[in-house]
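What follows is one structure encoded as structure tokens, with my remarks underneath.
Laid out in structure tokens, this is it:
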């Protein structure tokens, strides 16, 4: 088991009040969220622990990681407390048809692509297409 990148006090420090039950859930979620971040970073070929250990940027990176983990845990706590956010819905009045697509279906802890990009783990994809054949050759 690796490092846990944030604590319950980090969640309460941003103004979030937690009940005793939520604090217990947050403890468990912080451990899972930290592990999931390590696995996610590894899938991009990055090591969170190595990046935190960097003597130049490690301290700032550790703070950014803490922020991202706290955001993921707060999303999970919100999902557990409230009904899950609906991404799209469809309703019909005639023979009672309802279709809902949930934003976080089947997953409590998740990281957004923008969060991975903020950490420098996932890079935005940049590409080009020579639609009219005027560039010729290989991409710049």
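Residue numbers (the working numbering): 708 to 847.
All residues carry an ideal CB built from backbone N, CA and C; glycine is no exception.
query: Separation of residue 756 from residue 741, as counted between CA atoms; result: 11 Å
query: Check: residue 754 C-beta below 8 Å from any heavy atom of the ligand MG; result: The ligand MG is not part of the structure shown, which contains no ligands of any sort.
query: Where residue 816 falls, given that 16 or more other Cβ within 10 Å makes a residue buried; result: buried
query: Three or more C-beta pairs below 8 Å linking the region 729-746 and the region 779-789; result: yes
query: Residues that residue 799 bridges to, as DSSP identifies them; result: 804
query: N- and C-terminal bounds of the alpha helix (DSSP H) containing residue 719; result: 715-720
query: Contact the region 746-760 vs the region 714-729: 3+ CB pairs below 8 Å; result: no
query: Opening and closing residue of the alpha helix (DSSP H) in which residue 743 lies; result: 727-750
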